[in-house]
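Q: This is the structure I have questions about; it appears just below.
There are 2 protein chains.
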Amino acid sequence: MRDADATKQRLIEAVDALIVEQGIGALGVNAVAQQAGVDKVLIYRYFGGWSGLLQAYAEGEAFWPSTQDLLGECPKEILALPPAERWQLVLSRYVRELSKRPRTLEILAWEVTARNEITARLEAVREKRALELLSHLGDGCDPDVDLGALAAILSAAVHYLLLRGREIRGYSGIDLQSEAGWQRLEQTMARLLTAYFQSN
Amino acid sequence: MRDADATKQRLIEAVDALIVEQGIGALGVNAVAQQAGVDKVLIYRYFGGWSGLLQAYAEGEAFWPSTQDLLGECPKEILALPPAERWQLVLSRYVRELSKRPRTLEILAWEVTARNEITARLEAVREKRALELLSHLGDGCDPDVDLGALAAILSAAVHYLLLRGREIRGYSGIDLQSEAGWQRLEQTMARLLTAYFQSN
DNA sequence: CTTGCATGTCACTGTGCGGTGACATATGCT
DNA sequence: AGCATATGTCACCGCACAGTGACATGCAAG
Numbered sequence: 006m007r008d009a010d011a012t013k014q015r016l017i018e019a020v021d022a023l024i025v026e027q028g029i030g031a032l033g034v035n036a037v038a039q040q041a042g043v044d045k046v047l048i049y050r051y052f053g054g055w056s057g058l059l060q061a062y063a064e065g066e067a068f069w070p071s072t073q074d075l076l077g078e079c080p081k082e083i084l085a086l087p088p089a090e091r092w093q094l095v096l097s098r099y100v101r102e103l104s105k106r107p108r109t110l111e112i113l114a115w116e117v118t119a120r121n122e123i124t125a126r127l128e129a130v131r132e133k134r135a136l137e138l139l140s141h142l143g144d145g146c147d148p149d150v151d152l153g154a155l156a157a158i159l160s161a162a163v164h165y166l167l168l169r170g171r172e173i174r175g176y177s178g179i180d181l182q183s184e185a186g187w188q189r190l191e192q193t194m195a196r197l198l199t200a201y202f203q204s205n
Numbered sequence: 006m007r008d009a010d011a012t013k014q015r016l017i018e019a020v021d022a023l024i025v026e027q028g029i030g031a032l033g034v035n036a037v038a039q040q041a042g043v044d045k046v047l048i049y050r051y052f053g054g055w056s057g058l059l060q061a062y063a064e065g066e067a068f069w070p071s072t073q074d075l076l077g078e079c080p081k082e083i084l085a086l087p088p089a090e091r092w093q094l095v096l097s098r099y100v101r102e103l104s105k106r107p108r109t110l111e112i113l114a115w116e117v118t119a120r121n122e123i124t125a126r127l128e129a130v131r132e133k134r135a136l137e138l139l140s141h142l143g144d145g146c147d148p149d150v151d152l153g154a155l156a157a158i159l160s161a162a163v164h165y166l167l168l169r170g171r172e173i174r175g176y177s178g179i180d181l182q183s184e185a186g187w188q189r190l191e192q193t194m195a196r197l198l199t200a201y202f203q204s205n
């Protein structure tokens, strides 16, 4: 083929395929080269090494749901809702968007155990997005309420439950792999939010 | 020393030391043998191999806070509290107990990325304990309330935030490595619980 | 004292890993 | 056409890993 750009692309796609199919644990120079059907030496030539390839992959991929994904096409309508409903809606969308993204879940899991430049960058992007979204969600809320802590708790719960749900069913009596289980979770989160915003 | 039991013990302790000092990622036959100051072949002789040693370690260690740790010495007093306060207290203790247990956090992190016999067993123990505790916490609550989901959400949030706090500071604007950050989190959880139980 | 076994040491195999140097060949420019 | 270089192939290194076989030695029972 003699086409460097295409080869780079194949390597990056191979990283993605391996992550989705086998998980981050299976990732490595040899595995990626084989998956791409390419000699591994090209990883070093084109990306300067393993971490270079990972970085290229991380930059090219949109792991994180966009603000639009979460607020929808008519953010004004959503932002006009009372706080509890607004948060419920966004949280529900957040769950849906994340569960559609096996790559993102894999990355989230990776961040829990590994710490390196790649995860650090991805985390920085995430944090920025979170704060950005948070600024939108705060309109019209009682300033006395700690929205940062609220978002931290709820998103943390969602992250953990989605991650565990990839492998186990029963968690605190909830079936994390069934629609019904997640309905119980979302309903309880919704009630928590309603009660919380009502009480202030 | 010519003492098989002592050697077994040293190996198990070496596993523990490595987990605490270097994390699960650093665990391996060679590393453990070196840490124990013992030949690795003894791992195979005494434990039948690597997974045997891990299993022996897992069985011997008490990773999980006991019901007593969480309910305290006078469970009756705690169980006599109104639901919101009861849950607040237990949750707060749960955070404190877990943050004292680096091994347990390491295992929790491990479970997120790896799935094997060991993690499966540990998870089973955890789930059993959780349901047990849950049965105590449900007294006098509105039966309409989904306590399983509530416990899942809150414990998931705590797990995730504790795990992330080992490596990052900023999460949704909260400093996960400071007393102040955790006070914000606990206070928000407390308010959520109060509002939640009040509204039913 | 001698024999048998538990305990421990050492050297080794095979595998997969990340990484590199030397070579082959297609492509595009002059 | 001929050359330089970008592109790709291949064989290889050193390392760490899990696991094993053969040997040495202390101890306890006969």
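Sequences listed follow chains Y and W, in order.
Residue numbering for the first sequence follows our numbering, beginning at 6 and increasing consecutively.
Residue numbering for the second sequence follows our numbering, beginning at 6 and increasing consecutively.
Ideal Cβ placement from N, Cα and C applies to all residues, glycine included.
(1) Quick one: measure Cβ to Cβ for Y:Gln40 and Y:Ala19, integer angstroms, because I've assumed they're closer than 8 angstroms.
(2) So that I know if they touch, is there some Cβ in chain Y lying closer than 9 angstroms to that of W:His141?
(3) Pick out whichever of W:Gly33, W:Thr199, W:Leu138 has its Cα sitting closest to the Cα of W:Gly77.
(4) Taking only beta-carbon atoms, is W:Ile83 less than 9 angstroms away from chain Y?
(5) Excluding the five sequence neighbours on either side, which residues of its own chain have a C-beta within less than 8 angstroms of the C-beta of W:Glu116, listed in chain order?
(6) Where W:Phe202 and W:Leu59 are concerned, what is the direct C-alpha to C-alpha distance, given to the nearest angstrom?
(7) Does W:Gly145 come out as helix, strand or coil in the three-state DSSP assignment?
(8) Starting from the Cα of Y:Ala154, find the closest Cα among W:Ala195, W:Ser56, W:Leu32 and give me that residue.
(9) Would you list, in chain order, the members of the region 178 to 190 of chain Y that have their beta-carbon closer than 7 angstroms to a beta-carbon of chain W?
(10) Please list the terminal residues of the continuous alpha helix (DSSP H) segment that includes W:Val100.
(11) Whole angstroms are fine: how far does the CA of Y:Gly57 sit from the CA of Y:Cys146?
(12) Out of Y:Arg174, Y:Gln188, Y:Arg189, which has the shortest C-alpha to C-alpha gap to Y:Gln182?
(13) Taking the Cβ atom as the reference point for each residue, do Y:Tyr49 and Y:Leu16 lie within a distance shorter than 9 angstroms?
(14) What in chain Y is Cβ-close to W:Arg120, meaning under 8 angstroms?
(15) Going straight from the alpha carbon of Y:Ala38 to that of Y:Asp21, what length do you get?
(16) Going by other Cβ atoms of all chains shown within 10 Å of its Cβ, with 16 needed for buried, is W:Lys133 buried or exposed?
(17) Identify the residues that DSSP records as bridge partners of Y:Tyr176: which are they?
(18) Are the C-beta atoms of Y:Arg196 and some chain W residue less than 9 angstroms apart?
(19) With DSSP collapsed to three states, give me the class of W:Asn221.
(20) If contact means a Cβ-Cβ distance below 9 angstroms, which residues of the region 153 to 169 of chain Y contact chain W?
(21) Less than 9 angstroms between the beta carbons of Y:Leu159 and Y:Leu96, yes or no?
(22) Note down, in chain order, each residue of its chain lying with its Cβ closer than 6 angstroms to the Cβ of W:Gly186, except the 5 sequence neighbours on either side.
(23) Indicate the three-state DSSP secondary structure (helix, strand or coil) for Y:Val130 in the structure shown.
(24) Using a Cβ-Cβ cutoff of less than 7 angstroms, which residues in the same chain neighbour Y:Arg189 once the five nearest sequence positions on both sides are dropped?
(25) For Y:Glu111, count neighbouring Cβ atoms within 10 angstroms of its own Cβ and tell me buried if that reaches 16, exposed if not.
(26) Which residues bound the alpha helix (DSSP H) around W:Ile29?
(27) Please list, in chain order, the chain Y residues whose beta carbon lies closer than 8 angstroms to that of W:Gly175.
(28) Starting from Y:Pro80, follow the alpha helix (DSSP H) in both directions and report where the run begins and ends.
(29) Y:Ala161 and W:Tyr165 - do their beta-carbons sit closer together than 9 angstroms?
(30) Going along chain Y in order, which residues have a C-beta closer than 8 angstroms to the C-beta of W:Gly53?
(31) Give the secondary structure of W:Lys213 by DSSP, where H, G and I count as helix, E and B as strand, and everything else as coil.
(32) Under a three-way DSSP split, which group does W:Val163 fall into?
(33) According to DSSP, is Y:Val5 helix, strand or coil?
(34) Is the distance from the Cβ of Y:Phe68 to the Cβ of Y:Thr109 below 9 angstroms?
(35) Quick check: the Cα distance between W:Ser177 and W:Gln93, rounded to an integer number of angstroms?
(36) Counting only Cβ pairs nearer than 7 angstroms, list the residues of chain Y close to W:Ala135.
A: To lay it out plainly:
(1) About 4 angstroms separates the two Cβ atoms, so the contact holds.
(2) Output row for W:His141: interface = no.
(3) Each of W:Gly33, W:Thr199, W:Leu138 was checked against the Cα of W:Gly77, and the nearest Cα belongs to W:Leu138.
(4) By this cut-off, W:Ile83 is not an interface position.
(5) Within the same chain, W:Glu116 has close Cβ partners Thr124, Leu127, Glu128.
(6) One C-alpha to the other measures close to 42 angstroms.
(7) Note: W:Gly145 maps to coil in three-state DSSP.
(8) Of W:Ala195, W:Ser56, W:Leu32, the residue nearest in Cα terms is W:Ala195.
(9) Sequence-ordered contacts of the region 178 to 190 of chain Y with chain W read Gly178, Ile179, Arg189, Leu190 [C-beta pairs closer than 7 angstroms].
(10) Here the alpha helix (DSSP H) through W:Val100 covers 88 to 104.
(11) Rounded to the nearest whole angstrom, the C-alpha separation of Y:Cys146 and Y:Gly57 is 44 angstroms.
(12) The residue with the shortest Cα to Cα distance from Y:Gln182 is Y:Arg174.
(13) Not closer than 9 angstroms, so no.
(14) Residues of chain Y passing the Cβ test: Glu172.
(15) Their backbone Cα atoms lie some 12 angstroms apart in a straight line.
(16) W:Lys133 is exposed by the Cβ-count criterion.
(17) Answer is Y:Ile179.
(18) With 9 angstroms as the cut-off, Y:Arg196 counts as an interface residue toward chain W.
(19) Absent from the structure is residue 221 of chain W, since the part of chain W shown begins at 6 and ends at 205.
(20) Cβ contacts with chain W come from Gly153, Ala154, Leu155, Ala156, Ala157, Ile158, Leu159, Ser160, Ala161, Ala162, Val163, His164, Tyr165, Leu166, Leu168, Arg169.
(21) In contact: Y:Leu159 and Y:Leu96 (Cβ atoms closer than 9 angstroms).
(22) Taking W:Gly186 as the centre and dropping the five residues before and after it, the same chain places the C-beta of Ile179, Asp180 closer than 6 angstroms to its C-beta, in chain order.
(23) If DSSP states are grouped into helix, strand and coil, Y:Val130 belongs with the helices.
(24) Result list for Y:Arg189: Ile179, in chain order.
(25) Residue environment analysis places Y:Glu111 among the buried positions, since at least 16 neighbouring C-beta atoms fall within 10 angstroms of its C-beta.
(26) That residue, W:Ile29, is in no alpha helix (DSSP H); it is neither H nor E in DSSP.
(27) Under the 8 angstroms cutoff, chain Y gives Glu132.
(28) Segment 80 to 85, the alpha helix (DSSP H) holding Y:Pro80.
(29) Yes. Within cutoff.
(30) Neighbours of W:Gly53 across chain Y, judged by C-beta separation under 8 angstroms, do not exist; the nearest C-beta is about 25 angstroms away.
(31) For chain W, the structure presents residues 6 to 205; residue 213 of chain W sits outside this window and is missing.
(32) W:Val163: helix per DSSP, three-state reduction.
(33) Look at the range of chain Y in this structure, 6 to 205, and you will see that residue 5 of chain Y is not part of it.
(34) Cβ distance < 9 angstroms, so Y:Phe68 and Y:Thr109 count as in contact.
(35) Approximately 22 angstroms between the Cα atoms of the pair.
(36) Close partners of W:Ala135 in chain Y (Cβ separation under 7 angstroms): Ser177.
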